[in-house]
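Asker: Residue numbers (my numbering): 1038 to 1643. The beta-carbon is built from N, C-alpha and C at its ideal position, and this holds for glycine as well.
1) Measuring alpha carbon to alpha carbon, tell me which of 1072, 1622 and 1126 ends up nearest residue 1655.
2) Grouping DSSP H, G and I as helix and E and B as strand, with all else coil, what is residue 1197?
3) Taking the Cβ atom as the reference point for each residue, do residue 1289 and residue 1337 lie within a distance shorter than 8 Å?
4) Going by DSSP, what residue range makes up the beta strand (DSSP E) through residue 1178?
5) Could you check what DSSP says for residue 1455 in three-state terms: helix, strand or coil?
6) Could you compute how far the alpha carbon of residue 1555 sits from the alpha carbon of residue 1191?
7) Which class does residue 1244 belong to by DSSP, given the choice of helix, strand or coil?
8) Check whether the Cβ atoms of residue 1571 and residue 1609 lie closer than 8 Å to each other.
9) Rounded to the nearest angstrom, what separates residue 1278 and residue 1311 at their Cα positions?
10) Nearest to residue 1480 by alpha carbon, out of 1552, 1415 and 1106?
11) Once DSSP output is grouped into helix, strand and coil, what is the label at residue 1072?
12) Start and end of the alpha helix (DSSP H) containing residue 1425?
13) Residues in its own chain within less than 7 Å of residue 1432 by CB, not counting five upstream and five downstream?
14) With DSSP as the reference, identify every bridge partner of residue 1678, one or two as the case may be.
15) What does the Cβ neighbour count give for residue 1043, buried or exposed, with the cut at 16 atoms within 10 Å?
16) Alpha carbon to alpha carbon, what distance is there between residue 1385 and residue 1232?
17) Closest by CA to residue 1469, which one among 1061, 1121, 1062 and 1068?
18) Pick helix, strand or coil for residue 1085, following the three-state DSSP scheme.
19) Tell me residue 1375's beta-bridge partners as DSSP assigns them.
20) To test your reading of the DSSP string, which unbroken beta strand (DSSP E) runs of 3 or more residues are found completely within the segment 1600 to 1634?
21) Taking all protein chains shown into account, do 16 or more other C-beta atoms lie within 10 angstroms of the C-beta of residue 1646, making it buried, or fewer, making it exposed?
22) Three Cβ pairs or more, each shorter than 8 Å: is that satisfied between the segment 1511 to 1531 and the segment 1480 to 1490?
23) With DSSP run on the structure shown, which of helix, strand or coil describes residue 1542?
24) At what residue ranges does the segment 1090 to 1159 contain a whole run of the beta strand (DSSP E), taking only runs of 3 or more?
25) Is there contact here, the segment 1578 to 1594 with the segment 1067 to 1085, by at least three beta-carbon pairs under 8 Å?
26) DSSP state of residue 1531, grouped into three classes?
27) Hey, could you find the ends of the alpha helix (DSSP H) residue 1263 is sitting in?
28) Going by DSSP, which residues form a beta bridge with residue 1558?
29) Kindly indicate which residue of 1329, 1215 and 1133 has the alpha-carbon position closest to the one of residue 1166.
Below you can see the structure in the form of structure tokens.
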């Protein structure tokens, strides 16, 4: 069922620049700013949005994904990782590729490449990447082995023992595509190497070892044999590309095992780092490690954004990275120097035998965190007296001391924001006209701890949300937010709760915010569009200047995805994948929904 609610608005003039009118790559383009110069849909008419078409994949399983649109054709994937093409203006089906493999886990989209008349869609299914003819969806036999490459190969380890899956699309650079992958979080685990492949043949062109081999920079930041045993330090979140400079910007995750690092003593470069690589050769140009010797699963969870800022009369080409713990790091993208001051602060040592936690961690002084970072008793839920009493009793059994507190054995530690952020895979949106960054966040606590294992070390006790007996967060709202940050100054323009629980709203408990998975999009029409929320199935449009709600529609399933926009046949469309299934009591499906203005209204620009 689809329903739409309009919110009264006042007309506001807006002048847009830039010419992005399609959505040819994940994130909208190689710079990953999720911005469109289209303004046919704008502040004055967004309340008139209606469903233009829907496409039901006929599958269930959730869709953390984003389509790409090239030359009037939309390319996307289903919950089980089939790839399909639609006529973008109508939703009419063109073709579907079925790999005869049921894909597992998230599949956040595809890559599109064109070399003259040779046009290809690169689609990932489990450990494989397929090259498909963009016109008919058939595998291109001359690519790799019968149309696909196996990501378990060329890692320097036994391929049969590896688990590597491409969950987020890589980037296209000239005639290559650069990718990372998802690997296991425990031991044994595959290394998260960054690799570039020839777009025509599938041949490996270069590899960057995120876990350095002997003789390579960073090798000394690990235990001696880590390069043969440990895994992780992988890029599962996506990456960005400065095409003019030929630089790829790649965020990495934690080393395996995630929560106990006695067999990987040291800072563990290049895990939890933003790495700038020469896109032609894979040579490292600079890096910044956001978390040293990660013991909290603080992967860099989203693609970085390449932006241009204005400070003190000068322009700065920068790269922005949001984090699970609620920080925004901003660097000069040419040399990796922080744009805003970063302070190295001391944090507690580990009390677990064999573990040596890093004694300092980097903390940016601006912008301030976009999520709460220390849970105290006065922040516990007051939803009901019973919920508060339960939360207080439970909280007093936990250790809550803020960020970078190593997990203990025998007592659970509060992780706030939780293991899913803060920021998540959807990333942020950047408006090049105003310098404003829009980022959504989860803002609830989780807990975790360690316990002895049979090998004489320690194992993680499990991911646990801090919820009350009725399943609601045991902390006070907001439980999810949307923030606007002026990156020219590092100051916040606004922050609002994002999402609500329908059953609580019916009782007058509104605007609590909820967990949200997916990202925002910003347009020259003065809008920030976002779904993402787990429980209310809403797709919302906000005034980007002040966070005022202008419109909302109800999707058939939760839109745990990032919207895209494009122009086709003279109309601006906005498309969102509605798959749900991300959270408790939430059904899953597999429907793509396209919105547009009614015919005849599309010529009435702001």
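Answerer: Well, looking at it:
1) Residue 1655 falls outside the range modelled here, since the chain spans only 1038 to 1643, and no answer is possible.
2) In the chain shown, the residue the question calls residue 1197 occupies position 160. It is helical.
3) The count along the chain shown starts at 1 and reaches residue 1289 at position 252. The count along the chain shown starts at 1 and reaches residue 1337 at position 300. Their beta carbons are under 8 Å apart, which means residue 1289 touches residue 1337 by this criterion.
4) Counted from its first residue, the chain shown places residue 1178 at position 141. That residue, residue 1178, is in no beta strand (DSSP E); it is neither H nor E in DSSP.
5) For this step, residue 1455 is matched to residue 418 along the chain shown. Residue state, collapsed to three classes: strand.
6) One-based indexing of the chain shown puts residue 1555 at position 518. One-based indexing of the chain shown puts residue 1191 at position 154. Cα to Cα, the separation comes out at about 32 Å.
7) Looking up residue 1244 in the chain shown gives position 207. Strand at residue 1244.
8) Here residue 1571 is taken as the residue at index 534 of the chain shown, counted from 1. Here residue 1609 is taken as the residue at index 572 of the chain shown, counted from 1. Cβ atoms of residue 1571 and residue 1609: not closer than 8 Å.
9) Here residue 1278 refers to the residue found at position 241 when the chain shown is read from its first residue. Here residue 1311 refers to the residue found at position 274 when the chain shown is read from its first residue. The straight-line gap from Cα to Cα measures roughly 13 Å.
10) Working through the chain shown from its first residue, we reach residue 1480 at position 443. When only C-alpha atoms are compared, the closest one is 1552.
11) Looking up residue 1072 in the chain shown gives position 35. DSSP places residue 1072 in strand when its eight states are reduced to three.
12) On the chain shown, position 388 is the one that residue 1425 refers to. Taken as a continuous stretch (DSSP letters only), the alpha helix (DSSP H) holding residue 1425 covers 1422 to 1432.
13) In the chain shown, residue 1432 corresponds to position 395, counting from 1. Here the set comprises 1414 and 1417.
14) Because the chain spans 1038 through 1643 in this model, residue 1678 falls outside it and cannot be assessed.
15) Residue 1043 sits at position 6 when you count from the first residue of the chain shown. Bear in mind that a pLDDT of 43 at residue 1043, under 50, signals an unreliable position, so the model cannot answer this.
16) Along the chain shown, one-based indexing puts residue 1232 at 195. Along the chain shown, one-based indexing puts residue 1385 at 348. The alpha-carbon atoms of residue 1232 and residue 1385 are separated by roughly 36 Å.
17) For this step, residue 1469 is matched to residue 432 along the chain shown. Checking every option, the nearest Cα to that of residue 1469 belongs to 1068.
18) Sequence index remark: in the chain shown, residue 1085 carries index 48 (1-based). Looking at residue 1085 - three-state DSSP - the assignment turns out to be helix.
19) Locating residue 1375 in the chain shown gives position 338, counting from the first residue. Beta-bridge pairing links residue 1375 to 1368.
20) 1601 to 1605, 1608 to 1617 and 1625 to 1633
21) Here the chain covers residues 1038 to 1643 and nothing more, so residue 1646 does not appear.
22) yes
23) Working through the chain shown from its first residue, we reach residue 1542 at position 505. The answer is helix: DSSP assigns residue 1542 an H, G or I state.
24) 1105 to 1107, 1110 to 1114, 1120 to 1124, 1130 to 1134 and 1148 to 1152
25) yes
26) As a first step, residue 1531 must be located in the chain shown, where it is residue number 494. Strand.
27) Numbered from its first residue, the chain shown carries residue 1263 at position 226. Residues 1263 to 1266.
28) The residue labelled residue 1558 in the question sits at position 521 within the chain shown. In the DSSP output, where bridge partners are listed per residue, residue 1558 has 1566.
29) Along the chain shown, one-based indexing puts residue 1166 at 129. Nearest option by C-alpha distance: 1215.
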